[in-house]
Amino acid sequence: MKLLYDMHSHILPGVDDGAKSVEESLSLINRLTKCGVTDICLTPHFYTHKESLSDFLKRRNEAFDLLKSKVGDKVNLHLGAEVFVTKYLFSNEENLKSVCYDSTDYMLTEFSYSSTFSGETMNYISKLMNNHGIKPILAHVERYPYLMKHLDVLEELIYMGVMIQSNACSFTEFPLKIRLTKMLKNGYIQLIGSDAHSLTRNSPDAFSALSALEGKKIPKDVFDDINKNSKEIFM
Ligand SMILES: [Fe+2]
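Offset between the sequence shown (1-based) and this note's numbering: plus 3.
Below, the structure written as structure tokens:
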């Protein structure tokens, strides 16, 4: 089965460094649906140290309303954010679930890429989980050299209940794709996203390339699990 869910994208028009216009958003959506994607998660960057939650939500929701009116029902759109977690996130009185996928408990999170997932970062993760009832999803695990080197730490995160996302385009980069394929087969990655910013930056076409590995380099049940994990977030 093809990969049906794109869990991470910068397709909302004019909100971050992704799509710049509704036209560009529509061509990205079109390209993803051609790859077999049925559900696209719109996850613009929310830099918590640069902008308040309410300002971000206002900009994001306006862009969503604009895009939604132009997209037919050929694809399901889900609204979220890629939340760069800093201490400022926790100074909000507002409900943090507003930046989770479709206001579920699942939040796409990003940390400093030099993090060793100890001390401060682990405090943030615990706070999100224990004080706010949020289930963090770690965006593009391959960007964290420490985690890629210390799979035992990654295992601990998964054991805690953190879900791990990887970018489809990273499976086209040698030698990274060899590492990631192994990690995917061994259960270290639960979700896939395009992280598409434009037709050329993290191209949506990588979804087709990754889906094409099914039954060749990646067993069918691995993709079935990825689709199931994604689907369950919205149930
Ligand atoms: Fe991203």
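Positions of the beta carbon are idealized from the N, C-alpha and C atoms, including for glycine.
At least one heavy atom of ligand 1 falls within 7 Å of the beta-carbon of residue 85. Here DSSP, grouped into helix, strand and coil, assigns residue 215 to coil.
With contacts defined by Cβ atoms closer than 8 Å, residue 119 and residue 140 do not form a contacting pair. Here DSSP, grouped into helix, strand and coil, assigns residue 208 to coil.
In this structure, the C-beta of residue 9 stays at least 7 Å away from each heavy atom of ligand 1. By the C-beta density criterion, residue 154 is exposed, having fewer than 16 other C-beta atoms within 10 angstroms.
Rounded to the nearest angstrom, the Cβ distance from residue 81 to residue 44 is 5 Å, consistent with a contact under 8 Å. Straight-line spacing of the CA atoms in residue 107 and residue 177 works out to 35 Å. Following the DSSP letters along the chain, one finds residue 186 inside the alpha helix (DSSP H) bounded by residues 179 to 188.
Looking at the DSSP output, residue 48 shares a beta bridge with 85.
Residue 198 has its CB nearer than 7 Å to a heavy atom of ligand 1. Residue 210 and residue 63 have their alpha carbons spaced roughly 25 Å apart. Judged by DSSP in its simplified three-state form, residue 175 adopts helix. The shortest C-alpha to C-alpha distance from residue 46 to any of 21, 161, 232 and 192 is the one to 21. With a cut-off of 7 Å, the C-beta of residue 81 is classified as distant from ligand 1, since no heavy atom of the ligand falls inside that distance. Distances from the CB of residue 171 to the heavy atoms of ligand 1 are all 7 Å or more. Of all C-beta pairs linking the region 49 to 57 to the region 81 to 91, three or more are shorter than 8 Å, placing the two stretches in contact. In this structure, 61 is the residue among 40, 72, 41 and 61 with its C-alpha nearest to the C-alpha of residue 49.
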